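Protein chains in written order, with our numbering: chain E, 594 to 1225; chain H, 594 to 1225.
Idealized CB from N, CA, C, for every residue including glycine.
Here the structure is a predicted model, which is why all the values come from computation and not from measurement.
Working notes, beginning with the structure itself.
In C-alpha cells form, the structure reads like this:
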C-alpha cells in the first residue's frame, strides 16, 4: 500500500481511521451542490455582509474600537455572526482566490483588530455595554462562544490566505483566556459550547498544546449541574447535568449538544481517550434511536430549542434549527473520521440534503431558523433573524462543503458524498492522483469516476453505499464487478489504478414510502416519501382547492419520479402519486365525539393526484401549508 | 310566574338570561366536590399560606411596608398570589364563618394596608425594587394584573365578611388607576388581562360607574399591535393583535385570552353591546372547533404558554396550564349566564372534572402547572411553583365552586352541575325555596332532587342534560315523565312545586370510546375513554411489565366500570378493558425505514388487560408514564 499525501498536523489527527484532505483537494465542478455553492458565492455571502452592516454587528465592533459613537445593538453574541461570515469567506478564498472579496474581509479583520483590547480581550457587547462585566455570566454571556467562532474563522482564514493578522488576534485572545481559565485559575465554562472545537483547531494550526489543554479543561468543566437552565429546563439545557464522560443521551439545547459533541470528538481525535468515544457513541444511538427527524433535523421543542423525550418528534412544532442540523453535520463528520463507519456519513448526507438545505431559500437571501415537517401555513424564510446564528452558519457550511466528500488513509481514498467534482491529491511519493467524478446525483443514481492521473500503483477506492440503497452495482472499464466487497458500508475497489480507468457506480434510485417507529405518536399511521437521500413533502401550492390537512396517501398507488425543469429555478425531481381527500364528515364544530356517533357511511373519499417536491424546496412559492408525513 | 329572590346589583346583571345566586345559597353537603372542598379547606389553604410565607410573597409586602429589611424575592407579580389566596379565604368565610381563619386573613389585610402608599398605589415589586418605575412596563410589569386580583379579593372579602378594610384599599388604588389611565390621560393597558373583570366586579359592589368606564377603557386599549410579544410570537401573545371587537380566534397566551374574554363578557353583561358578544362567540367557536383538549385544557405550546394553530393539539407537549382551565371555567360561566345555552355548561363541566382538577394532588398539597395528556414519565406535581399562579387559583375555584351549580331567572331555577347539595333561596315574595340534591355523580348518574320548602306556586326547574348523555329520564313523585321538554340542553320541569315533591333524574352513565377530529395529527388513529364527564387515562403503575407506549386498544373489547375503594384515598371508578402490546418488531435502533423493509409476520401482539383511571387522579402514585389517547 501507498501512503497518500504528506501528513500535516492540520489534517492528520492521531486517533482517526480516515484523514481529511485540504479543502482545495476537491472541487465541486457542476451539478447539485455546485449550484448551491455558486449561489452562496454570488448572492448569500454579500447579502450576509449587507445584513451584518444593517443589523449592527459591524457597528458594534466600531463602537468597541471607539470609531463611532452610539448604542450597542442586538443580542450579546452578535460578534459571532461576523466571525462565521469571515470563516465562510475564508473557505471561498481558499478555493477561489478573489482580491475584492479578500479586501472586504481584510477590512473587517482590521476592524476586529481595532476593537481588540490591549490585553487581547475581544467582545463588543462586554466592551461597550458592560466594561466591568468580563466573564460575569458564563451561563448566558456567550463570551467564550464568540471567542470560539473567532478562532475558527482565524484558522480558516490563515489556511486560505496564509495571512496572520486574524490568527494573531485569535491567539492573543486565546492566550488571555488560557491565562484566565484553567486548573488553579478561574473555573467554569461557557453555557454555549463552541470554543472546545475551536481550541483544538487552533492547536492544530499553531501547534501550541496549551490550547488543546484548555479545550480539555473546558470539556471537563461540564456536568457540575451548576448552570442556570432555561424555562422549565435545568442544567441539562447547557449539557451541564452530567460530566461529558457519563453522558448517555442527547439533551437540552440541540445546537449546544451538537457543538459540544463535535468538540469532544475533536478532543478524542487528538487524545484517543476511549471514555470520550464511548460517551459519544451512547449519545449518537440515543439520538438516532429516539430524537432524530426524518430530515436529519434535531430539536423537538421550542422551549430551550431543545431535544425532547425519546419519540417526542412533533412534525409541526419540531424546532429543527438550521444550526442544529449543521452541528450534526460537524459532529457526524468527526465520528466518520474516527470510525470509518458509513452510518455517520449516511446521517450527514440525510441532514445535508434536507434539514440543512431547507434553511436557505432558492434565492439565496432568505433563511429558516426552524425547519418544521408540517406547516399549516404562514411560515416563511426571512432575510435575517434577531438571533442570526443560522444564516452565516449556512454560508460557512456551503463554502466548505467539498471537505466532506473525500478522505484518505494509508490504503487509498474514500468517497462519502456524490457530486460532479474533481479530486486532486497525491501519493506520498508525490505522484498526483486525479479523479474526476461525474453524476447528476441526487436526481440520478449513476456516478462515473474517471482516473485522470495515477501512477499504476495499487490502492483502494472506497465508495459509500448509502443507507437507502441495498443493490449498488459497479462497472470498471466496462466490466461489471460480479462480487462486490463491502466494508462498513463502503464498496471496496482495490486495483492498480491507471489513467483512463473508469468506475461506474450505480445506486438504483426509486421513490419509496417511509414508515416511522410506532412509538412516535405525532406521525402515527402516516408515511413519507423519499428518493435517494432526498425527503419529499406535499406543498399546498401544488394541490389547489384541497386542504392538505385532509389528504390521505394511497399507499398502493405507484410513485413516479418526473423531472420538472420549470417548477423552481434549478429544476426539481417531483414525485407523483395519488391519494384521496377525506370529505363529507361533519364534526359540527367539535373536535371529539363518541366513537359510536360516527356514521360510517357518511365518510366520502375523493381520489386526487399528489405531487411531492423535495422538502428543502418548500416555501419558495409563498408561505404555503406543507407536510412531510402523510396520513395513510 | 314568580320572580325569584330580590335582585341585587351584585348578582343581577342587566344583560343576561340567568342570574347568579349568592354564594351561600348552594351548599355542597357531600359527595364528589364536597370531598375536594373539604380538602381545600383543611389542607390546601393552610399549605398556601405557608408557601406565601416561604416563597417570600408576604415578606415582599413587609419590605414594601418598611416592616423588615432585605431583598425582594421572586417574580414581579408575587402580590397576586396573596390576593388570590385571600379571595379563596373570603369564599370559605362566606359559607363557613371561622374566626381563626378570618384573623389570619385580617392580619394579611393589615399588612397590605401597611404596604399601600399614601396615594393608593400598591405593588411590592415596584415599591421595593423600582420605586421610580410605576407603570414603566405595562406589557410585562403586571401592575394592573396584580391590582385586578386585589380588587377581586376585596369584593369577595366584603361580600363574605361585610368588613370594609380591604375594599377601601382596593377602591383607593382603583381611584388612583382611574386618575392615571383613561381617555385624555395615560393610554395603554396591562399585558396580562385581569383588571377588566375585577373592575366590573368592583363597580357592581361599589356602584361607582367610573370603574365600569375604566374596564371598558382598558378593553378598548387592546388590539393596537404595540405590545412586545414573547419569543417568536408578536402582539398576539397579549391579545393585542386586533381590537377586541374584531377578534375572530383565540390566540396567544391562553390564560390571558381567557381572563380577557371573561372580562369582556362581564362588560357585555353590563352594557349589552352586541359586537362584544359576537366577538366572544367567534372566539368560542374557534376554540372549541380547533384548540380544545379533551380534558378542557387549553394552550398547545410551551412557548408563550399559548394557543397553537387549529388542530395543533399535542398530547405530550400541550401546555394546558391549570390557570387556563380555570380561566375557561370563568369565561364559560359568564357565557352561560348571558345565553342560557348548555354548551357553555358542558365545557365548564368537562374542564372542571379534568383539566382543572388534575391541577391538584389528592393530598391537597401538590400542584400541576402544565396538565399534559401524555407523559413518558418523570412529570410530577410540585408543592409550589416559581410562577405560582395556579395553586391559589385552584384554591379560589374550589372555595367558590358552589356558585356554578344553580342560577335563577323569573321563571325558576336552573341546575347546571350535579352534586349532593342543599339549595336555599327564596321567591320574591320572601317565601323560602329549599331543594335538596342527592347524587353520587359523577360515579353514578342518578340525581334525586327533593323539594323541602316551597309555597305551591308554579315555577320551572331546569336540569341540564349533559353533552355526553342523550337519554336522560325523569321521574316525579314516582311517575315517569313520558315526554320530556328540553330547551337549549336543559330538561324543563314546570309545576306547582310543593314540599315533599321528589324529582329523580337519571343520566345513564356508560364508559364510551371517544375519537378525535382527523385533522389532529398528534392523536391520529387513537381513542380515549370517557365516562360521563370524566376523561380517563392509562397510568403505567397499573400496567406493570408493559411499556405504555407500546399499548394498543382493542376497541371491540367491552368497557367495564368497576369501583375501587382501595385504589386512591377517595375511591375511584376504574374502567377495565383490554388491549394488546405491540411487540417483536426490531427497529434496530432506528426510527424510520422503508415501508417494504417491514416483515409483516414479525409483528406480534400480546393481549393485555387495561385499567383506566380518571385523568385527574394520575401522578398520585409516582411520576408515572400516562396516556389519555390510546392507539387503536
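Secondary structure of residue i, DSSP reduced to three states
{"i": "residue 811 of chain H", "result": "helix"}
{"i": "residue 1216 of chain H", "result": "coil"}
{"i": "residue 984 of chain H", "result": "helix"}
{"i": "residue 1209 of chain E", "result": "helix"}
{"i": "residue 1002 of chain E", "result": "strand"}
{"i": "residue 621 of chain H", "result": "strand"}
{"i": "residue 1025 of chain E", "result": "strand"}
{"i": "residue 854 of chain E", "result": "helix"}
{"i": "residue 742 of chain H", "result": "helix"}
{"i": "residue 1167 of chain H", "result": "strand"}
{"i": "residue 689 of chain E", "result": "coil"}
{"i": "residue 993 of chain H", "result": "coil"}
{"i": "residue 799 of chain E", "result": "helix"}
{"i": "residue 1105 of chain H", "result": "strand"}
{"i": "residue 820 of chain E", "result": "coil"}
{"i": "residue 576 of chain H", "result": "Because chain H is modelled from 594 through 1225, residue 576 of chain H falls outside the range shown and cannot be assessed."}
{"i": "residue 1110 of chain H", "result": "coil"}
{"i": "residue 628 of chain E", "result": "helix"}
{"i": "residue 828 of chain E", "result": "helix"}
{"i": "residue 788 of chain H", "result": "helix"}
Outcome for residue i when other beta-carbon atoms lying within 10 angstroms are tallied against a minimum of 16
{"i": "residue 856 of chain H", "result": "buried"}
{"i": "residue 1182 of chain E", "result": "exposed"}
{"i": "residue 633 of chain E", "result": "buried"}
{"i": "residue 1151 of chain H", "result": "exposed"}
{"i": "residue 885 of chain H", "result": "buried"}
{"i": "residue 1188 of chain H", "result": "exposed"}
{"i": "residue 935 of chain E", "result": "buried"}
{"i": "residue 607 of chain H", "result": "exposed"}
{"i": "residue 1213 of chain H", "result": "buried"}
{"i": "residue 1051 of chain H", "result": "exposed"}
{"i": "residue 1038 of chain E", "result": "buried"}
{"i": "residue 736 of chain H", "result": "buried"}
{"i": "residue 1208 of chain E", "result": "buried"}
{"i": "residue 1138 of chain E", "result": "exposed"}
{"i": "residue 1094 of chain E", "result": "buried"}
Terminal residues of the beta strand (DSSP E) in which residue i lies
{"i": "residue 1041 of chain H", "result": "1039-1046"}
{"i": "residue 1018 of chain H", "result": "1014-1019"}
{"i": "residue 1132 of chain H", "result": "1127-1132"}
Terminal residues of the alpha helix (DSSP H) in which residue i lies
{"i": "residue 718 of chain E", "result": "717-722"}
{"i": "residue 645 of chain H", "result": "638-647"}
{"i": "residue 692 of chain E", "result": "692-708"}
beta-carbon residue i near the ligand HEM non-hydrogen atom, thresh 7 Å
{"i": "residue 982 of chain H", "result": "The ligand HEM is absent from the structure shown, which contains no ligand whatsoever."}
Under 8 Å: do the segment 749-769 of chain H and the segment 710-718 of chain H share three or more Cβ pairs, one atom per stretch? Verdict: yes, contact present.
Assess contact between the segment 909-928 of chain H and the segment 845-855 of chain H, defined as three or more Cβ pairs (one per stretch) separated by less than 8 Å. Is contact present? Because the criterion of three Cβ pairs below 8 Å is met, the segment 909-928 of chain H and the segment 845-855 of chain H touch.
Closer than 9 Å, Cβ to Cβ, to anything on chain E: give me those residues from the segment 855-885 of chain H, in chain order. Under the 9 Å Cβ criterion, the segment 855-885 of chain H contributes 878, 881, 882, 883, 884, 885.
Residues of the segment 1113-1131 of chain H whose Cβ lies closer than 9 Å to any Cβ of chain E, in chain order: Hits within the stretch, in order: 1113, 1114, 1115, 1116, 1117, 1118, 1119, 1120, 1121, 1123.
Counting only Cβ-Cβ distances shorter than 8 Å, please list the residues of the segment 1094-1105 of chain H near chain E, keeping chain order. Under the 8 Å Cβ criterion, the segment 1094-1105 of chain H contributes 1105.
Indicate whether the contact test is met: 3 or more Cβ pairs, each with one atom in the segment 668-681 of chain H and one in the segment 969-986 of chain H, closer than 8 Å. In this structure the segment 668-681 of chain H lies against the segment 969-986 of chain H, because at least three pairs of beta carbons, one per stretch, are closer than 8 Å.
Any residues in the segment 1157-1176 of chain E with a beta carbon nearer than 8 Å to a beta carbon of chain H? Which ones, in chain order? Answer in chain order: 1175.
Between the segment 857-871 of chain H and the segment 924-944 of chain H, do at least 3 Cβ pairs fall closer than 8 Å? Because the criterion of three Cβ pairs below 8 Å is met, the segment 857-871 of chain H and the segment 924-944 of chain H touch.
Pull out every residue of the segment 895-907 of chain H whose Cβ sits closer than 8 Å to any Cβ of chain E, in chain order. Cβ contacts with chain E come from 895, 896, 901, 902, 903, 904, 905, 906, 907.
Does the count of Cβ pairs from the segment 654-664 of chain H and the segment 964-981 of chain H closer than 8 Å reach three? The segment 654-664 of chain H is not in contact with the segment 964-981 of chain H.
How about the segment 826-838 of chain E and the segment 877-884 of chain E: do they share at least three Cβ pairs that are nearer than 8 Å? No contact exists between the segment 826-838 of chain E and the segment 877-884 of chain E.
Please list, in chain order, the residues of the segment 921-934 of chain E that have any C-beta partner in chain H closer than 8 Å. Of all residues in the segment 921-934 of chain E, none has a Cβ within less than 8 Å of some Cβ in chain H.
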